[in-house]
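Protein chains in written order, with this note's numbering: chain Z, -18 to 341; chain W, -18 to 341; chain H, -18 to 341.
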Amino acid sequence: MLIKNCWYVAANPQELQAGGILGRTILNTPVAIWRLANGQLMAALDRCPHRATPLTLGRIIENTIQCGYHGAQFDESGQCVAVPGQTNAPARGCALRLYPVVERHGFVWVWMSDAPPASLDAMLPQFAIGNHPDWHGGSGLFESLKANYKLVSDNLFDITHAEFIHPESFGGPETRYYRRMEPGSDYVDGKMTYEAGERSITVRMLARNLGDDCGPFFRWMVSSGLGTEHKQPIDQELEIIWVAPSFVYFRGTSSPNHDRNKRFSMVVLHAVTPESETACHYFYRAVRDFAPGDEMTQILARNIYDIFQQDRAIFEKQQLRIGDGDLFDQPLVSFAGDIVQVCARRTIRDMLAAESTPNS
Amino acid sequence: MLIKNCWYVAANPQELQAGGILGRTILNTPVAIWRLANGQLMAALDRCPHRATPLTLGRIIENTIQCGYHGAQFDESGQCVAVPGQTNAPARGCALRLYPVVERHGFVWVWMSDAPPASLDAMLPQFAIGNHPDWHGGSGLFESLKANYKLVSDNLFDITHAEFIHPESFGGPETRYYRRMEPGSDYVDGKMTYEAGERSITVRMLARNLGDDCGPFFRWMVSSGLGTEHKQPIDQELEIIWVAPSFVYFRGTSSPNHDRNKRFSMVVLHAVTPESETACHYFYRAVRDFAPGDEMTQILARNIYDIFQQDRAIFEKQQLRIGDGDLFDQPLVSFAGDIVQVCARRTIRDMLAAESTPNS
Amino acid sequence: MLIKNCWYVAANPQELQAGGILGRTILNTPVAIWRLANGQLMAALDRCPHRATPLTLGRIIENTIQCGYHGAQFDESGQCVAVPGQTNAPARGCALRLYPVVERHGFVWVWMSDAPPASLDAMLPQFAIGNHPDWHGGSGLFESLKANYKLVSDNLFDITHAEFIHPESFGGPETRYYRRMEPGSDYVDGKMTYEAGERSITVRMLARNLGDDCGPFFRWMVSSGLGTEHKQPIDQELEIIWVAPSFVYFRGTSSPNHDRNKRFSMVVLHAVTPESETACHYFYRAVRDFAPGDEMTQILARNIYDIFQQDRAIFEKQQLRIGDGDLFDQPLVSFAGDIVQVCARRTIRDMLAAESTPNS
Chain Z
-18 MLIKNCWYVA ANPQELQAGG ILGRTILNTP VAIWRLANGQ LMAALDRCPH
32 RATPLTLGRI IENTIQCGYH GAQFDESGQC VAVPGQTNAP ARGCALRLYP
82 VVERHGFVWV WMSDAPPASL DAMLPQFAIG NHPDWHGGSG LFESLKANYK
132 LVSDNLFDIT HAEFIHPESF GGPETRYYRR MEPGSDYVDG KMTYEAGERS
182 ITVRMLARNL GDDCGPFFRW MVSSGLGTEH KQPIDQELEI IWVAPSFVYF
232 RGTSSPNHDR NKRFSMVVLH AVTPESETAC HYFYRAVRDF APGDEMTQIL
282 ARNIYDIFQQ DRAIFEKQQL RIGDGDLFDQ PLVSFAGDIV QVCARRTIRD
332 MLAAESTPNS
Chain W
-18 MLIKNCWYVA ANPQELQAGG ILGRTILNTP VAIWRLANGQ LMAALDRCPH
32 RATPLTLGRI IENTIQCGYH GAQFDESGQC VAVPGQTNAP ARGCALRLYP
82 VVERHGFVWV WMSDAPPASL DAMLPQFAIG NHPDWHGGSG LFESLKANYK
132 LVSDNLFDIT HAEFIHPESF GGPETRYYRR MEPGSDYVDG KMTYEAGERS
182 ITVRMLARNL GDDCGPFFRW MVSSGLGTEH KQPIDQELEI IWVAPSFVYF
232 RGTSSPNHDR NKRFSMVVLH AVTPESETAC HYFYRAVRDF APGDEMTQIL
282 ARNIYDIFQQ DRAIFEKQQL RIGDGDLFDQ PLVSFAGDIV QVCARRTIRD
332 MLAAESTPNS
Chain H
-18 MLIKNCWYVA ANPQELQAGG ILGRTILNTP VAIWRLANGQ LMAALDRCPH
32 RATPLTLGRI IENTIQCGYH GAQFDESGQC VAVPGQTNAP ARGCALRLYP
82 VVERHGFVWV WMSDAPPASL DAMLPQFAIG NHPDWHGGSG LFESLKANYK
132 LVSDNLFDIT HAEFIHPESF GGPETRYYRR MEPGSDYVDG KMTYEAGERS
182 ITVRMLARNL GDDCGPFFRW MVSSGLGTEH KQPIDQELEI IWVAPSFVYF
232 RGTSSPNHDR NKRFSMVVLH AVTPESETAC HYFYRAVRDF APGDEMTQIL
282 ARNIYDIFQQ DRAIFEKQQL RIGDGDLFDQ PLVSFAGDIV QVCARRTIRD
332 MLAAESTPNS
C-alpha cells in the first residue's frame, strides 16, 4: 500500500532538458515529464492512448508532444489535436492522462492521485530551501533504489547508524544522543527531544564542546565553514523534521564554543519517492550559508554520493530479508530512541487507512 | 492464448547444420529440430523421456538422435531403439514426442498441435517466394523478441509508422495513404483499399508520381532497380496480405512514371512465430527481380537489420506497458485506417474461440 | 518440500577466515556462519532482530557479533548484550536465532530444524575421511547450482553418464555394468549389486582386467597410483553408498591384475545441500592413499572442477525442463539399473512424509 494523496518529487529541474521527455516510475505508474516550448511543465501517464506506446519515445513539437510510433500530437490539455494523414483529429476521448505538476523548492513535484491536489505549501511550509542568494548548494538523485521508501526514511531518521556506516564522515559521538530521546521541544545538551505534529515529527539535538572525535568529514566541513583550527571544540545544533510519508529536513548549525555569534548552517531536504512497494527514488537538495562557490558544492556532492552508497548497501539488503512485506509487520525489537520511527510508521498507517475509507 | 492449429516457421534451413540439433521455444514449448544422416527433417519436444534432459545436448548418430546424458537412441519414428549397457531397448512407451515438420517457401515449418496437421499450401497459397532463378535474396531471423507476436504483426500491417520510426529508409509521404483506407480491391492513387478474406486481409496502395520526398533508402533501391536518375518520379504499387495469425506478405512494384513497362518488384514474407504470450521470433524472406548478386543481398540484409531494430525498440516497450495482457483488452483509441488491424485481431479471436470449442 | 531434520554441510572450514562472517542460503533460509575470537563456531539466521539487517554486513568483536547498521552486539548464546548509546541492553527477547553447528569429517555442518539435532555420527558412521596422515587430498565447493539437490544426487548415483558426459576422464566400459544391477552385497565381475538400508543404499561393482579403453584420466590416475605401465590391465572395485537425502560416498580401489596386493584407493564424499527447491550447493572431499603432496591434490582439484562443470550443464538444463516441480512427478521411463535411483527417491519421500506427521 502506497499513499496516493501526496505531492511527490518526480525530478530535479535540470533533468528536463529542452525538447527532452523524462520517464520515471512513481507509485507503480510510468510517468512522462516534459516542458513545452512555452516553458510549461507537463506530466502524464507514459502511454499513448492509441497503441500504448510510451510517450518517452516521442518528441516535443512546439507546445505539443508527439507519439514516436504513429505521430499523434497532444496539446497542453492532453487532447489529441492531430494524426498524420487523417483529416480530423479524434474526438475528446483520445487524450493523455495528465498529472498536476509544479516546480517548487528546487524540485519538480507531481500529484498522482485522482483526488484534487492538496496545497504543496501547506504540506511543506518550512522547506524554503529553493534558490536564495545567501544559500549555496545543489541537488542530487539516486534512482530506483531496490528498497521500500520507508526503509530510506527510517535510515534518515535514525542517526546512530552513522557511527557504523559512516565512521569516516559523520559518525561522531553525538549520534549516540539519539538513544537518549525524550519528549519536548528544547535543545538539551547531550540528548535529543522530540515533538510529534499531526503529520510530522521534529527532533532536536544539542552537542556542546564537540571535539576531535567528531566524524572526520564533518570536522573538515566545520573548518571550512568557520575558518578555525581543526581541533577547536564546537557546539552543534541539529534539527530534523520528518514529514509524512517520506520527507526529512535536516538543519545543522555549528559554532565555535568560544564565540556563539560565529555560526554557520547547512540545510538538507531529503525526499523519497516510492517507485513501487520495493523500490524508490531518493532526491536531496543541500544548501549552506558558508563557502560559496562550485568547488565546495562539488566536494559535497561527491561525498554525499559516497556516503549514501554506504546506506544503500544496507537498506537494499534489509529489503532482501523482508521480501515483499513491510519491515514493521515482522517481529522486531526496538531500542531506546526508536520511538520516533515507530511513531512515523504509525502516522503512515493512519494516512493509508484514511485514504482507503470511502469518505476520504 | 495462442493459436495451436497452425503451421509456424521454426527455423531458417541454414540453421540446421549437419550433425547439429537446434533448440527453439515455440508456443511455450521447447522444440529440438535436426536432420538425420539421410536428410530427413525431425522436430520433437526437447526432452528425453528417460530423465527430461534436453535433446539439444545430444548428438546425431546416423539416422538416430542420442541423448547426451545416458545415451538412449531414438529413431525416425521417435521410438527408443538402444540403451547403452542394456540388452533390450525399452518398450514402445519410451518415445519422443515428435512434431510434423516440413521445408517449404525457404523456411522450416512445424505443426505444434495435437490435431492432424492442415495443409500448409492451402494456408499460404500465394507465398511462392522460395528459390527461383529470376528472384534473388535471402532470409533473416530475430529470435526471442520480448513482445507478443500480434504487436509485431500490427507493426507490419500499419505502414504509417515508417514516417516516424524509419524516416531515413522507408518513411515517405505515401505511408499516410493508410489513413485513407476504404473497402475494395482496386489500386486507387493516393489511397489504400482493403478486402477481408476468411483468414486474411489484403490491402492495396497506389502512389503515382512519387518524388524526391520518398524515404531515402527506398529511393536508393529505386535507383538501383531502374538504373534511372535519383530524382525521377516513380509510380509505386504496394500489395500487403496479412494471413492469420501472423504472416504478412509485401509485394512492392515500382516503375518510372514515363515508362510503365520498366518495372521492378520486391517481395517479402514476414513470419512471426509465438514463443510465449510475451515473446516471439520474427523470420523474413526478401526476394527481388533486380540487381542480382550477393552484394545487394547483403546491403539489404544490413539495412533490414537496422530498420527492424527500430521497430523492436517500439514494440518491446509497448509490451512493457501492456504487461502480460493483450493490447486490445486495454482501453484504446483507433485512428482512421486501423480498421484492418482491428479486423485482423477479430479474426485471431475467432480462431482462438474455435480452437477451444470441443468439436473444433 | 525439503527435509529439515538433517545435518547439512554448510561450509568448508577454510571459508571461515578469522573475523569473517560467511553467508549462505540453506533450506530457503539465509544463514550467517562465523567463528568467535575463542574459536567457537556459530551459525544464525542472517538477520538482526532489531531492523532485519543481515548479520553478514556486521563484524566480530571478541566473542560477540556486532550488527553493521546500529551496532547491537550478540554473545555466544545469541543474546543482545549491548546497544551503543543505550544504558541497558534489551531484554531476553532480543536474540539471534542460532542453529546447531559442528565441524566434522572436514566440513562445517548445520542443523536447521526446530527439532533437537540428531547424532551426526549415527547419520554418517562410515564417512571417516577427515584428516589422517595416510590419506591426502582436499575439498571443494560449487555454490548455488541452479538445480534441485536430487538431480545432483541422481547424477552421482548413475555412473553410466560418464561415457557420454566425461569420455575424456572417467567414461570407461565398466560404467555400463550399472545397467546389469541385481540385489546383493557381493562384488561380481561385470555387474553391480545393490543393498538397501533404512536410509541408505550401497552399490558394489567389480571390473576385472580393465584395459586401455578406460577413461583416459582414470587411466592416468592408475599409472600415478601404481607406478605401472599405462597399458597394463587392472582390476577395479567400486563401492558407492548413498545416504539420504543427498550424500554419496565413493570408494574406488585399483590393483594390477597380476598383483592383487599392490593396490591403491581413492575415497570421495559428495554432500549436496539444498539451497531451495531449485538450487543447491555441492561440496566434496576427496582423499587418496597414494601420490601424497600438493601437486597431485591440485591436479585432481582442477580436473574435478572441469568434470563437474560438465555435469552441471546437464542438470541445470534438466531443471529448466522440469520447472518448479519434481522430476519424478513427471512422466518418466526408467532403464535397467535405475531401480536404485527410484529406491532413493522413495526413501526421501518417506522421510518427508514422516516429518510432516504430528508425532515425528
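Idealized CB from N, CA, C, for every residue including glycine.
- Message: Contact between the segment 298 to 305 of chain W and the segment 123 to 140 of chain W is defined here as three or more beta-carbon pairs at a separation below 8 angstroms; is this criterion met?
- Response: Under the Cβ criterion (8 angstroms, minimum of three pairs), the segment 298 to 305 of chain W counts as touching the segment 123 to 140 of chain W.
- Query: In three-state terms, what does DSSP make of residue 322/Z?
  - Reply: The DSSP-derived three-state label of residue 322/Z is helix.
- Task: Say whether chain Z places a C-beta atom closer than 9 angstroms to the C-beta of residue 30/H.
- Result: At least one chain Z Cβ lies under 9 angstroms of residue 30/H.
- Task: Give, in chain order, every unbroken run of the alpha helix (DSSP H) that is at least 4 residues long and sits entirely within the segment 122 to 182 of chain W.
- Result: Inside the segment 122 to 182 of chain W, DSSP marks whole alpha helix (DSSP H) runs of 4 or more residues at positions 130 to 137 and 143 to 146, from first to last along the chain.
- Task: For residue 45/H, write down the residues that DSSP places opposite it in a beta bridge.
- Result: For residue 45/H, which the question treats as bridged, DSSP gives the partners 42/H.
- Item | Proximity test, Cβ basis, 9 angstroms: residue 156/Z and chain H | Judged by the 9 angstroms Cβ criterion, residue 156/Z is in contact with chain H.
- Interface partners of residue 141/H on chain W, CB under 8 angstroms: Taking the beta carbon of residue 141/H as reference, the chain W residues within 8 angstroms of it are 51, 52, 65 and 66, listed in sequence order.
- Item | Sequence-distant residues of its chain with Cβ nearer than 7 angstroms to residue 101/Z (five each side left out) | Excluding sequence neighbours, residue 101/Z sits near -12, 83, 85 and 90.
- Rounded separation between residue 361/Z and residue 8/Z - CA only: Past the edges of chain Z, shown from -18 to 341, lies residue 361/Z, and the structure says nothing about it.
- Item | Proximal residues to residue 63/W (C-beta, below 6 angstroms), its chain only, five neighbours per side dropped | The residues are 54 and 70.
- Message: With a threshold of 7 angstroms on Cβ separation, who are the neighbours of residue 321/Z within its own chain once the five nearest residues in sequence on each side are excluded?
- Response: Here residue 321/Z has 138, 162, 175, 182 and 184 as same chain residues with Cβ atoms under 7 angstroms from its own Cβ, once five neighbours each way along the sequence are excluded.
- Message: Using a Cβ-Cβ cutoff of less than 6 angstroms, which residues in the same chain neighbour residue 141/W once the five nearest sequence positions on both sides are dropped?
- Response: Closer than 6 angstroms at the Cβ level, and outside the excluded window around residue 141/W, lie 156 and 159.
- Using a threshold of 9 angstroms, state whether the C-beta atoms of residue 221/H and residue 236/H are closer than that. Pairing residue 221/H with residue 236/H gives a Cβ-Cβ distance that is not under 9 angstroms.
- Step through the CB atoms of chain W and report whether any lies within less than 9 angstroms of the CB of residue -6/Z. No, no contact with chain W.
- Are the C-beta of residue 341/H and some C-beta of chain Z separated by less than 9 angstroms? Any reading at residue 341/H needs caution, since the residue's pLDDT is 45, under 50, leaving its predicted position unreliable; the model's value is listed next. Not one chain Z Cβ lies under 9 angstroms of residue 341/H.
- Query: In chain order, which continuous runs of the alpha helix (DSSP H) of length 4 or greater are located wholly inside the segment 180 to 258 of chain Z?
  - Reply: Segments of the alpha helix (DSSP H) lying fully in the segment 180 to 258 of chain Z: 197 to 207.
- Might you give, ordered along the chain, the residues of its own chain that have their beta carbon closer than 7 angstroms to the beta carbon of residue 268/H, omitting 5 neighbours on each side? 110, 116, 117, 118 and 248, listed in sequence order.
- Message: If distances are taken between C-alpha atoms only, which option among -1/W, 30/W and 29/W comes closest to residue 22/W?
- Response: Ranking -1/W, 30/W and 29/W by Cα distance to residue 22/W puts -1/W first.
- Do you know offhand how far residue 33/H's Cα is from residue 288/Z's? About 21 angstroms.
- Message: Assuming residue 130/H and residue 253/H are in contact, meaning their beta carbons sit under 8 angstroms apart, how far apart are those beta carbons, in whole angstroms?
- Response: Sure, about 4 angstroms apart at Cβ, within 8 angstroms.
- Message: By the three-class DSSP mapping on this structure, what secondary structure does residue 265/W have?
- Response: Strand, per DSSP.
- Query: What does residue -13/W touch in chain H if you count any residue whose Cβ is under 7 angstroms from its own?
  - Reply: Listed along chain H is no residue with a C-beta nearer than 7 angstroms to that of residue -13/W; the closest approach is about 24 angstroms.
- For residue 203/H, I'd like the list of residues in its chain whose CB is within less than 7 angstroms of its CB, leaving aside the five on either flank, ordered along the chain. The residues are 215 and 235.
- Between the segment 184 to 200 of chain Z and the segment 144 to 152 of chain Z, do three or more beta carbon pairs fall short of 8 angstroms? Cβ pair count under 8 angstroms is three or more, so yes.
- Message: When you compare the CB of residue 289/W with every CB in chain B, is at least one pair closer than 9 angstroms?
- Response: This model lacks chain B altogether; the protein chains it does include are Z, W and H.
- What do you reckon, are the CB atoms on residue 30/H and residue 66/H nearer than 9 angstroms? Against a cut-off of 9 angstroms, the Cβ pair of residue 66/H and residue 30/H comes out as no contact.
- Query: Using a beta-carbon distance below 9 angstroms, is residue 48/H in contact with chain Z?
  - Reply: Residue 48/H counts as touching chain Z.
- Message: Using the Cβ count rule (16 or more neighbours within 10 Å means buried), how would you classify residue 324/H?
- Response: Label assigned to residue 324/H: exposed.
- Message: Using CA atoms only, rank isn't needed, just tell me which of 186/W, 328/W, 281/W and 96/W is closest to residue -15/W.
- Response: Selected option, being the one with the closest Cα: 96/W.
- Item | residue 312/W, buried or exposed, once every other Cβ within 10 Å from all chains shown has been counted against 16 | By the beta-carbon neighbour count (other beta carbons within 10 angstroms, threshold 16), residue 312/W is exposed.
- Which runs of the alpha helix (DSSP H), 4 residues or longer, sit entirely within the segment 269 to 333 of chain Z? Listed in chain order, they are 275 to 303.
- Ends of the alpha helix (DSSP H) at residue 26/H? Element bounds for residue 26/H: not the alpha helix (DSSP H) but the beta strand (DSSP E), 22 to 26.
- Message: Rounding to the nearest angstrom, what Cα-Cα distance links residue 265/H and residue 229/H in this structure?
- Response: When rounded, the distance between both Cα atoms is 9 angstroms.
- Task: May I ask which residues mark the beginning and end of the alpha helix (DSSP H) holding residue 36/H?
- Result: For residue 36/H, there is no enclosing alpha helix (DSSP H), as DSSP marks it with neither H nor E.
- Task: Could you tell me the boundaries of the beta strand (DSSP E) in which residue 101/W lies?
- Result: Premise fails: residue 101/W lies in the alpha helix (DSSP H), 101 to 104, not in any beta strand (DSSP E).
- Item | Residues bridged to residue 113/Z [DSSP beta-bridge criterion] | Under DSSP, residue 113/Z shares a beta bridge with 116/Z.
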